[in-house]
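Chemist: I have a structure I would like to understand better, so I am pasting it below and will then ask my questions one at a time.
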Amino acid sequence: MSEKSISEKLKEQLFYNKKSGLLSLDEIEFEKINEYCEGYKAFLNKGKTEREAADTAIQMAKAKGFEEFSFGKTYKAGDKVYINNRGKTVAFVVIGKQPVENGVNITAAHIDSPRLDLKPNPLYEDSDLALFKTHYYGGIRKYQWVAIPLALHGVFAKKDGSVIKVSIGEEENEPKFVVNDLLPHLASEQNKRTLAEGIKGEELNVLVGSRPFKDDKGSELVKLNILKLLNEKYGIIEEDFLSAELELVPAFKASDLGFDGSLIGSYGQDDRVCAYPALTAVLEVENPDKTAIAILTDKEEIGSDGNTGLNSDFLRYVVTDLARMQSGDGTVALRNSKCLSADVNAGLDPTFADVMERKNASFLNHGVVVTKYTGSRGKACTSDASAEYVAEVRAMLDNAGIKWQTGELGKIDIGGGGTVAMYIANMGVDVVDLGVPVLSMHAPFETTAKFDVYMCYRAMYTFMK
Ligand code: MN
Ligand code: MN
81 MSEKSISEKL
91 KEQLFYNKKS
101 GLLSLDEIEF
111 EKINEYCEGY
121 KAFLNKGKTE
131 REAADTAIQM
141 AKAKGFEEFS
151 FGKTYKAGDK
161 VYINNRGKTV
171 AFVVIGKQPV
181 ENGVNITAAH
191 IDSPRLDLKP
201 NPLYEDSDLA
211 LFKTHYYGGI
221 RKYQWVAIPL
231 ALHGVFAKKD
241 GSVIKVSIGE
251 EENEPKFVVN
261 DLLPHLASEQ
271 NKRTLAEGIK
281 GEELNVLVGS
291 RPFKDDKGSE
301 LVKLNILKLL
311 NEKYGIIEED
321 FLSAELELVP
331 AFKASDLGFD
341 GSLIGSYGQD
351 DRVCAYPALT
361 AVLEVENPDK
371 TAIAILTDKE
381 EIGSDGNTGL
391 NSDFLRYVVT
401 DLARMQSGDG
411 TVALRNSKCL
421 SADVNAGLDP
431 TFADVMERKN
441 ASFLNHGVVV
451 TKYTGSRGKA
461 CTSDASAEYV
471 AEVRAMLDNA
481 GIKWQTGELG
491 KIDIGGGGTV
501 AMYIANMGVD
511 VVDLGVPVLS
521 MHAPFETTAK
531 FDVYMCYRAM
541 YTFMK
């Protein structure tokens, strides 16, 4: 064995080293990670929309002793409550020993994902086929959404106030839906389009049936038959689509990827890959020093606007209500609060490495990625966490032995993106993004590494406990 040279020793001491966290992982730890990710995959399969993910999370929280927050009631340290915002955004709270005014520790992840929404008046018949018109939600690459099995999820809200849940296409024996694409034989004109225009928004039409209502006379008999079936199953008429939220999502299930089973493939990992760790972490928190809040939010993928997005006053009111319960001030509480904005970053994909700047890109299996700033065009539209706060998070992660890395969303001026971080930072809270690196982000089937998912859970727990 050769002795280390002086320069080697000095490098060890001074250089920032990046390497896979799996190198130092033993079999027992890998098994623990595997087991945790079984729960994660089940969560992905149960909650394919924001409503379903919120429902699933509330069920899990109730099983762990959380009860619905009641305004005016005084909760004591150690109590566990949740605040449900319209079934789409939920805050899970464990009351701390210190007054809320001293600040709370917030983790925030989103449970909405890119998908195809039905238009308000979606159903039509053309050439003896019945189809739905859709309007895509979030930043999708449209060409990825054709010729894959889709499932329909969501609700019809009827005029009488009733809300009817819909989920078709997840079970083995249930029909699926599909957006059809052109055959290569006849695609010479389509092939000249740019990739962005390869499939256009108004071409994302979903095939939903072909069997006509048995009658020789009359038109639109396929559409009529579909409405008859929907009427029998859900009691709805065509007008009820006007007040519905129906979402088409990929029909496949989450699964392990790769011979070694170290990776996970699934729809909706952005950002349920951080939502599940934030949720499971807050469910484990007992008697924290400061009040712990895990918030799972809607609308991130379309800019966080709307009353279930984090650009609303929901979080401000949650903190204010908790402070007021102790006769404290919500503004002071927010100013003293800290947050991990739990969202994904783009992992470096060796096939597309040229969009990344290697020194500052995140890698799969290198642990949770701390993203100091997101944004685009010279850090526009980002909160850019302070050096002091990043140092605090660094120390927390290192002290707990949590593997982490830094990450930037691609090379400068090649694109960019944002998270909920800036909306929370705008309330006076210290915020930095911390999440899991993903490959094929926003695709119908996204890739993550199990090791990073588990490190994210550990980071969330350490931050809130
Ligand atoms: Mn995200
Ligand atoms: Mn996203």
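If you're matching positions, the sequence shown starts at 81 in my numbering and goes up one per residue.
Even glycine gets a Cβ: it sits at the ideal position worked out from N, Cα and C.
How is Arg221 classed by DSSP in three states: helix, strand or coil?
Modeler: Residue state, collapsed to three classes: coil.
Chemist: Spatial neighbours of Asp208 within its chain, please: CB distance less than 8 Å, with the 5 preceding and 5 following residues excluded, ordered by chain position.
Modeler: Here the set comprises Ser290, Pro292 and Val302.
Chemist: Tell me which residues share the same chain as Gly567 and place their Cβ nearer than 8 Å to its Cβ, disregarding the 5 neighbours each side in the sequence.
Modeler: Not covered by the structure: residue 567. The range shown for the chain is 81 to 545.
Chemist: Here's the rule: buried if 16 or more other CB atoms are within 10 angstroms of the residue's CB, otherwise exposed. What is Asn201?
Modeler: Looking at its Cβ environment, which holds fewer than 16 other Cβ atoms inside 10 Å, Asn201 is exposed.
Chemist: Can you tell me which of Val533, Ser463, Asp478 and His522 puts its alpha carbon nearest to the alpha carbon of Val509?
Modeler: It is Ser463.
Chemist: Pull up the distance between the alpha-carbon of Lys459 and that of Tyr453, whole angstroms please.
Modeler: Spanning the two alpha carbons is a distance of roughly 7 Å.
Chemist: Would you tell me roughly how many angstroms separate the C-alpha atoms of Gly354 and Leu203, rounded to the nearest one?
Modeler: Inspection of the sequence shows that residue 354 is occupied by Cys rather than by Gly. Cys354 and Leu203: Cα-Cα distance of roughly 35 Å.
Chemist: Between the beta-carbon of Pro255 and the beta-carbon of Pro524, is there less than 8 Å?
Modeler: No.
Chemist: I'd like to confirm something about Glu380: is its beta-carbon nearer than 7 Å to some heavy atom of ligand 1, or not?
Modeler: Yes, the Cβ of Glu380 comes within 7 Å of a heavy atom of ligand 1.
Chemist: Please go through the same chain and pick out, in chain order, the residues whose beta-carbon is closer than 6 Å to the beta-carbon of Asp336, but skip the five residues on each side of it.
Modeler: For Asp336, where only same-chain residues beyond five positions count, there are no Cβ hits under 6 Å.
Chemist: Verify the contact flag: Asp350, CB atom, against every heavy atom of ligand 2, threshold strictly below 7 Å.
Modeler: Checking every heavy atom of ligand 2 against the Cβ of Asp350, one is found closer than 7 Å.
Chemist: In chain order, which continuous runs of the beta strand (DSSP E) of length 3 or greater are located wholly inside the region 215 to 298?
Modeler: For the region 215 to 298, whole beta strand (DSSP E) runs of length 3 or above, ordered along the chain, are 230 to 237, 243 to 248 and 286 to 289.
Chemist: Using 8 Å as the threshold, is the region 219 to 238 in touch with the region 406 to 425, meaning 3 or more CB pairs across them?
Modeler: Judged by Cβ distances under 8 Å, the region 219 to 238 makes no contact with the region 406 to 425, as fewer than three pairs qualify.
Chemist: Give me the DSSP bridge partner(s) of Leu211.
Modeler: According to DSSP, Leu211 bridges with Tyr204 and Leu287.
Chemist: Any heavy atom of ligand 2 closer than 7 Å to the Cβ of His522?
Modeler: Result yes, Cβ under 7 Å from ligand 2.
Chemist: Would Leu326 and Ala422 qualify as a contact pair, given that the criterion is a beta-carbon distance under 8 Å?
Modeler: In this structure, Ala422 does not lie closer than 8 Å to Leu326 by Cβ.
Chemist: At a cut-off of 7 Å, would you count His190 as near ligand 1, judging by its Cβ distance to the nearest heavy atom?
Modeler: At least one heavy atom of ligand 1 is nearer than 7 Å to the Cβ of His190, so yes.
Chemist: Going by C-alpha to C-alpha distance, which of Lys272, Gly234, Val288 and Asn165 sits closest to Asn260?
Modeler: The candidate whose alpha carbon is nearest that of Asn260 is Val288.
Chemist: Hey, would you say the C-beta of Val424 is under 7 Å away from at least one heavy atom of ligand 1?
Modeler: Yes - ligand 1 has a heavy atom lying nearer than 7 Å to the Cβ of Val424.
Chemist: Roughly how many angstroms separate the alpha carbons of Leu309 and Glu318, rounded to a whole number?
Modeler: Going by the C-alpha atoms only, they are around 11 Å apart.
Chemist: For Phe110, does the three-state DSSP call read helix, strand or coil?
Modeler: Here Phe110 sits in helix by DSSP.
Chemist: Starting from Val473, trace the alpha helix (DSSP H) in both directions and tell me its first and last residue.
Modeler: It spans Ala467 to Asn479 - the alpha helix (DSSP H) in which Val473 sits, taken as one unbroken run.
Chemist: Using a Cβ-Cβ cut-off of 6 Å (strictly less than) and excluding sequence neighbours within five positions of Arg538, which residues of its own chain qualify?
Modeler: Same-chain partners within the cutoff: Ile482.
Chemist: Using a Cβ-Cβ cutoff of less than 7 Å, which residues in the same chain neighbour Asn125 once the five nearest sequence positions on both sides are dropped?
Modeler: Here the set comprises Lys333 and Ala334.
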